[in-house]
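Student: Going by this note's numbering, the sequence shown opens with residue 3, and the numbers climb by one from there.
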Amino acid sequence: VNEIIKHREAELDLLRQTALKATQMQSRLDMNLFEFEQMQNNLGDKQQEAVGTNERLESLEKELYNSIKMERNYLNMLDEKTSLQANLLDTTNELEEAAALYKKVLELRRELTKTKSELEIAKLEVLNLTASYDEAVALNTLLLSKRSL
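#1: Cα separation between H9 and V53?
#2: Can you tell me whether E60 is helix, strand or coil according to DSSP?
#3: Please report how far the alpha carbon of D47 lies from the alpha carbon of Q40, in whole angstroms.
#4: Given this structure, state the Cα-to-Cα distance separating D32 from R18, to the nearest angstrom.
#5: Would you please state the rounded distance, in angstroms, between the beta carbons of L66 and N34? I believe it to be under 8 Å.
#6: Beta-carbon separation of T25 and L80 under 8 Å?
#7: Do L16 and T84 have their CB atoms nearer than 8 Å?
#8: What separation, rounded to the nearest whole angstrom, lies between the Cα atoms of S134 and A102?
#9: Between the C-alpha atoms of E122 and D92, what's the straight-line distance to the nearest angstrom?
#10: Alpha carbon to alpha carbon, how far is R111 from Y104?
#11: Nearest-angstrom Cα distance between N68 and N4?
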């Protein structure tokens, strides 16, 4: 349990670090978006002077959009990885529990087989004792009948 708690705490630390990085990235994204908006305003003023600048800006816009998509995809994959790690840990724990239960079942089966064997031996002993008792009663009856003659 302590190991699981340690593991969970490590995961929490990782998630906190990820959240901090996400906040920093969001701030950086906000700054990038703000700068982008400023560039668009300046572009309106200078559009007549430089047609080539417009093509470059469009290229930068696509690049920024792609980088935002890539960062979001990265964060999603990181969340998915964390979730999969937690699921793997849970599955591993369940598998260990199942293995322990299987060992216990095997042990109980061995004990049951041993007990059945001991019961069969006890039944045979009871049959032998009953047969010996019946012989002794018969012999005693025979002796008593000879004495009374």
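For glycine and all other residues, C-beta sits at the position ideal for the given N, C-alpha and C.
Tutor: Taking the definition as stated:
#1: 57 Å
#2: helix
#3: 11 Å
#4: 21 Å
#5: 6 Å
#6: no
#7: yes
#8: 48 Å
#9: 45 Å
#10: 10 Å
#11: 43 Å
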